[in-house]
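At position 16 of the sequence shown the residue is numbered 16 (the UniProt record's numbering), and the sequence of numbers has no breaks. For reference, the structure is listed below as structure tokens.
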Amino acid sequence: MNDNEYFGASEAELGFLKEIVRMLPAGLTVQDAHGELLLVNDAAASQLGMDGSRPSPDLAPRREACRQALSAGQAVVTEEALHNGAARQVLLTTHRPVRLAGRQLLISASSDITEQKNFEDQLFRSAYFDELTGLPSRRVIEHRANGLLARDGGERFALAFLDVDNFKHINDYYGHAVGDALLVELSKRLGRDLRDSDMLSRISGDEFLLLLSPIQSQEEVAEFMQSTLQRLTAPFFIDHSEIFASTSVGISLYPDHGGSFETLRQNADIAMYRIKNDGKGSAAFFDSSMEREALARMKVEQSLRLAILEKRFCCAFQSKVDIRTQAVKGIEALVRLRDDEGVIQAPGSFINLASELGLIDELTHLVLAEIVKSIDLINETFGAEATISINVAAKQAGNPEFMRSFAQALDDTGFPQRFMIELTEDAFVAKNHFQDEILPMFRKLGVGISIDDFGTGYSSLSALADITADEIKIDRSFITDIHKRPRSQGILRAIESLSEALGMTVIAEGLESYEELAYLQAATKIRYAQGYYFSRPIFLEELKFATSVASEARVNVASRPMQQNRQGYSRASGYRR
């Protein structure tokens with residue numbers, strides 16, 4: 001081969017290599033020691049905005065990386081974030097200095113990793129930030145607190161546990177979309193006036209953690225929390241609705257109330273529960289007495305779980321009596337717990353806790369099982385026509401899955417028409433599927449519906465107009481000493497008229513004296529009452545030992561002298577759940 005043929009082959013080869021470099025999918029540039037670009041392929045031109053397709057991004061960081069690579073004489077690998085307005089492009093670039101033909105050059109190769117980085121950022125945010133509110137997650141605030149704990153000098157800080165009051169009711173009534181919007185607006189108000197060194201975190205559905213650092217005194221924290229809670233008293237306007245929301249807050253201080261994040265969080269949680277029990281909507285600092293209460297509550301919780309496992313619950317039955325004829329119209333099944341020593345515990349000590357722990361559904365099914373097992377004794381004592389009332393919590397009433405299973409259980413008894421479900425008023429005002437889905441199931445079975453403790457809840461007249469309940473049970477607070485209380489008498493007449501217009505039977509709860517009975521007989525049209533005046537709750541063991549209890553339950557109490565009223569059962573003892 002002669003020189004011309006060789007030279008021609010080299011030219012063709014060079015052109016071929018240039019074309020390959022131009023079409024490489026990775027961006028490739030070559031520049032000299034002065035930073036002048038000698039070669040830019042198509043991918044690099046597009047990445048750096050040199051092809052005219054978009055404004056050129058800020059290349060100052062890139063030039064600095066190139067300078068450092070040339071100065072050090074070593075390869076440098078960088079992630080380059082190139083911004084064009086709101087758009088971001090991320091390149092992974094290797095700058096490699098080389099010496100060719102006596103010249104110092106820098107070869108830079110870039111791959112577009114924008115999609116990968118966006119995915120990584122999404123994973124990072126989902127791991128460390130709340131998707132709904134954008135607030136840091138529990139992991140982030142825990143890391144911040146642990147960083148403070150690890151510092152020398154022990155800088156004081158406060159950890160506040162915040163829980164939105166009645167959030168489930170808001171979700172049920174307005175819907176989950178409004179509930180989510182409320183959490184977003186609430187987080188904005190809670191985060192106002194925070195310093196850069198403070199942090200607000202959403203750790204679960206309606207629970208937040210607030211880290212205040214540094215702090216000088218408990219009084220300073222109390223003043224800040226008071227202003228924060230005051231800010232929450234203004235209504236939230238969401239989806240054309242005016243919503244009022246409050247927050248209960250428990251606060252622990254470092255180092256006063258603990259030396260670790262978990263201890264401080266638990267103690268703030270304990271203080272928050274004290275506020276929940278005392279009326280909600282305020283703040284409290286942790287103290288040692290709260291810890292003792294929490295331990296006692298934990299003991300009750302463990303006992304409750306064990307009692308359900310061992311089926312140590314029992315039923316008592318209290319009659320609903322016709323105050324004109326003294327006939328037993330129905331009975332209410334009242335759940336009781338036998339503790340480890342066999343002592344009967346009133347439901348006030350465990351019902352709310354069972355609901356919190358998610359054990360209330362199983363407990364309700366246990367009550368029904370006791371009734372079915374003892375139906376012959378019940379019929380012999382109270383009569384085969386007496387209705388049997390079972391209490392269902394509002395939380396259960398709003399749960400279609402539980403209510404469907406409970407309806408099936410009632411049907412499986414073979415006598416579902418004997419049963420009456422007692423629900424408190426808040427079960428009726430929630431915007432759930434109770435009216436459309438749940439109520440028809442029980443109507444089809446012939447199961448009655450009773451509004452329990454009427455007058456102490458929301459007393460929603462619009463809900464009453466929509467719900468076709470069979471009976472209203474007037475709360476005992478209106479019946480106690482009714483003969484001495486003119487205002488209660490007026491309320492009683494109004495409820496009586498309302499119930500009559502809606503076709504609902506009225507039951508007066510908590511009747512305990514002859515004077516109360518005499519007033520109901522003389523001044524009202526109310527036919528039925530329930531209370532210690534007629535009968536205390538009767539346990540199954542008593543039914544088994546003597547059928548004479550049945551005659552006592554049906555006795556004509558009108559002939560009983562006034563002084564023979566059952567004084568042994570005081571109102572304070574809590575005659576029913």
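From the three backbone atoms N, C-alpha and C, an ideal C-beta is built for every residue, glycine too.
Cα-Cα separation, residue 578 to Gln408: Outside the modelled stretch of the chain, which goes from 1 to 577, sits residue 578, for which no answer is possible.
C-alpha gap between Arg67 and Gly35, whole angstroms: Counted from its first residue, the sequence shown places residue 67 at position 67. Counted from its first residue, the sequence shown places residue 35 at position 35. Between Arg67 and Gly35, the C-alpha separation is close to 8 Å.
Ala271 and Phe261 closer than 8 Å at C-beta: As a working mapping, residue 271 is identified with position 271 in the sequence shown. As a working mapping, residue 261 is identified with position 261 in the sequence shown. It is not a contact, given that the beta carbons lie outside the stated cut-off.
Straight-line gap, Ser245 to Val164 (C-alpha atoms, nearest Å): For the purposes of this step, residue 245 is taken as the residue at position 245 of the sequence shown. For the purposes of this step, residue 164 is taken as the residue at position 164 of the sequence shown. Here residue 245 is Ala; the residue named in the question, Ser, does not match the sequence. Rounded to whole angstroms, Ala245 to Val164 spans 7 Å at the Cα level.
Residue from Asn267, His83, Gly147 and Gly179 with nearest C-alpha to Phe161: Within the sequence shown, numbered from 1, the residue matching residue 161 stands at position 161. For the residues Asn267, His83, Gly147 and Gly179, the minimum Cα distance to Phe161 belongs to Asn267.
Residue span of the alpha helix (DSSP H) that contains Asp436, given as start and end: Reading the sequence shown from its first residue, position 436 is the one you call residue 436. Counting along the chain, Asp436 falls outside any alpha helix (DSSP H), and DSSP gives it neither H nor E.
Reference Ala501, options Cys315, Thr468 and Ile421, closest by Cα: Residue 501 sits at position 501 when you count from the first residue of the sequence shown. The alpha carbon of Ala501 has as its nearest neighbour, out of Cys315, Thr468 and Ile421, the alpha carbon of Thr468.
Cut-off 7 Å between Cβ atoms - residues of its own chain near Val367, not counting five sequence neighbours on either side: Within the sequence shown, residue 367 is the residue found at index 367, counting from 1. Here Val367 has Cys315, Ala333, Val335 and Ile390 as same chain residues with Cβ atoms under 7 Å from its own Cβ, once five neighbours each way along the sequence are excluded.
Inter-residue CB distance, Lys444 and Thr387 (contact presumed, cutoff 8 Å): Here residue 444 refers to the residue found at position 444 of the sequence shown. Here residue 387 refers to the residue found at position 387 of the sequence shown. Rounded, the Cβ-Cβ distance is 17 Å, inconsistent with contact.
Residue range of the alpha helix (DSSP H) that includes Gln326: Reading the sequence shown from its first residue, position 326 is the one you call residue 326. That residue, Gln326, is in no alpha helix (DSSP H); it is neither H nor E in DSSP.
Limits of the unbroken alpha helix (DSSP H) element including Ile203: The sequence position of residue 203 within the sequence shown is 203, counting from 1. Boundaries for Ile203: no alpha helix (DSSP H) harbours it, while the beta strand (DSSP E) harbouring it runs Met199 to Ser204, taken from the DSSP string.
Beta strand (DSSP E) segment containing Ser108, residue limits: Start at 1 with the first residue of the sequence shown, and residue 108 comes out as number 108. For Ser108, the enclosing beta strand (DSSP E) stretches over residues Arg103 to Asp112.
Spatially closest choice to Thr263 from Pro440, Ala145 and Gly281, by CA coordinates: Along the sequence shown, one-based indexing puts residue 263 at 263. It is Ala145 whose Cα lies nearest to the Cα of Thr263.
Short Cβ contact (8 Å threshold) for Leu232 with Arg274: In the sequence shown, residue 232 corresponds to position 232, counting from 1. In the sequence shown, residue 274 corresponds to position 274, counting from 1. Going by C-beta atoms, Leu232 is not nearer than 8 Å to Arg274.
Paired residues, beta bridge with Asp32 - DSSP: Locating residue 32 in the sequence shown gives position 32, where the first residue counts as 1. Residue pairing for Asp32: DSSP places it in a beta bridge opposite Leu105.
Own chain residues within Cβ distance below 7 Å of Leu132, not counting five before or after: On the sequence shown, position 132 is the one that residue 132 refers to. The residues are Asp180, Leu183 and Val184.
The segment 505-512 touching the segment 468-483, judged by at least three CB pairs closer than 8 Å: Because the criterion of three Cβ pairs below 8 Å is met, the segment 505-512 and the segment 468-483 touch.
Counted within 10 angstroms of its Cβ, other Cβ atoms place Ala158 as buried (16 or more) or exposed: Within the sequence shown, the letter at position 158 stands for residue 158. By the Cβ-count criterion, Ala158 is buried, with 16 or more other Cβ atoms from all chains shown falling within 10 Å of its own Cβ.
Close beta carbons around His365, own chain, < 7 Å, minus the five adjacent residues each side: Locating residue 365 in the sequence shown gives position 365, where the first residue counts as 1. Same-chain partners within the cutoff: Ala409.
Of the listed residues Ala522, Phe454 and Ser513, nearest to Ile491 (C-alpha basis): As a first step, residue 491 is located in the sequence shown; it is residue number 491 there, counting from the start. When C-alpha distances from Ile491 are compared across Ala522, Phe454 and Ser513, the shortest belongs to Phe454.
Contacting residues, own chain, Cβ-Cβ under 6 Å from Gly568 (five flanking each side not counted): Translated into positions along the sequence shown, residue 568 becomes position 568. Residue placement at Gly568 cannot be trusted, given a pLDDT of 33 that sits under 50; the coordinates are not used to answer.
Same chain, Cβ closer than 8 Å to Lys395, neighbours up to 5 away in sequence not counted: Here the question's residue 395 lines up with position 395 in the sequence shown. Leaving aside the five residues that flank Lys395 on each side, the residues in its chain whose CB is nearer than 8 Å to its CB run, in chain order, Lys168, Ser355 and Ile360.
Supposed contact pair Ser252 and Lys280 - C-beta distance, whole angstroms, cut 8 Å: If you number the sequence shown from 1, residue 280 lands on position 280. If you number the sequence shown from 1, residue 252 lands on position 252. Not a contact, Cβ separation roughly 19 Å.
Whole-angstrom distance between Asp436 and Asn399, CA atom to CA atom: The count along the sequence shown starts at 1 and reaches residue 399 at position 399. The count along the sequence shown starts at 1 and reaches residue 436 at position 436. Rounded to the nearest whole angstrom, the CA to CA distance from Asn399 to Asp436 is 13 Å.
Cβ distance (whole Å) where Ala60 is taken to contact Val76 below 8 Å: Here residue 60 refers to the residue found at position 60 when the sequence shown is read from its first residue. Here residue 76 refers to the residue found at position 76 when the sequence shown is read from its first residue. Going by Cβ atoms, the distance from Ala60 to Val76 rounds to 16 Å, so no, they are not a contact pair.
C-alpha distance - Asp278 paired with Leu357, whole-angstrom precision: The residue labelled residue 278 in the question sits at position 278 within the sequence shown. The residue labelled residue 357 in the question sits at position 357 within the sequence shown. When the Cα atoms are used, Asp278 and Leu357 turn out to be separated by approximately 20 Å.
Residues sharing a beta bridge with Ser252, DSSP: Here residue 252 refers to the residue found at position 252 when the sequence shown is read from its first residue. Answer is Leu159.
Helix, strand or coil at Asn556 [DSSP, three-state]: Position 556 of the sequence shown, counted from the start, is the residue given in the question as residue 556. Per-residue confidence for Asn556 stands at a pLDDT of 41, beneath the threshold of 50, marking its modelled position as unreliable; the derived number appears in the next sentence. In the three-state reduction of the DSSP assignment, Asn556 falls in the coil class, being assigned neither a helical nor a strand state.
Three-state secondary structure (DSSP) of Thr524: To locate residue 524, count along the sequence shown from 1; it is residue 524. In the structure shown, Thr524 falls within a coil segment according to DSSP collapsed to helix, strand and coil.
CB contact flag (residue 589, Asp130, <8 Å): Beyond the ends of the chain as shown, which are 1 and 577, falls residue 589; an answer cannot be given.
Bridge partner(s) assigned by DSSP for Met420: The sequence position of residue 420 within the sequence shown is 420, counting from 1. For Met420, the pairing in a beta bridge is given by DSSP as Ser389 and Gly448.
Paired residues, beta bridge with Arg536 - DSSP: Taking the sequence shown and counting its residues from 1, one reaches residue 536 at position 536. Listed as beta-bridge partners of Arg536 by DSSP are no residues whatsoever.
Residue ranges of each alpha helix (DSSP H) within the segment 175-243, 4 or longer: With a minimum length of 4 residues, the continuous alpha helix (DSSP H) runs that stay inside the segment 175-243 are 176-191 and 218-231.
Of the residues Gly102, Leu100 and Arg88, the one placed nearest Thr114, counting alpha carbons only: Here the question's residue 114 lines up with position 114 in the sequence shown. When only C-alpha atoms are compared, the closest one is Arg88.
Proximity below 8 Å, CB of Ala397 to CB of Ala369: On the sequence shown, position 397 is the one that residue 397 refers to. On the sequence shown, position 369 is the one that residue 369 refers to. 8 Å or more divides the Cβ of Ala397 from the Cβ of Ala369.
Neighbour-count burial assignment, Ile20, 16 or more Cβ in a 10 Å radius: Taking the first residue of the sequence shown as position 1, residue 20 is located at position 20. With a threshold of 16 other beta carbon atoms within 10 Å, Ile20 falls short and is exposed.
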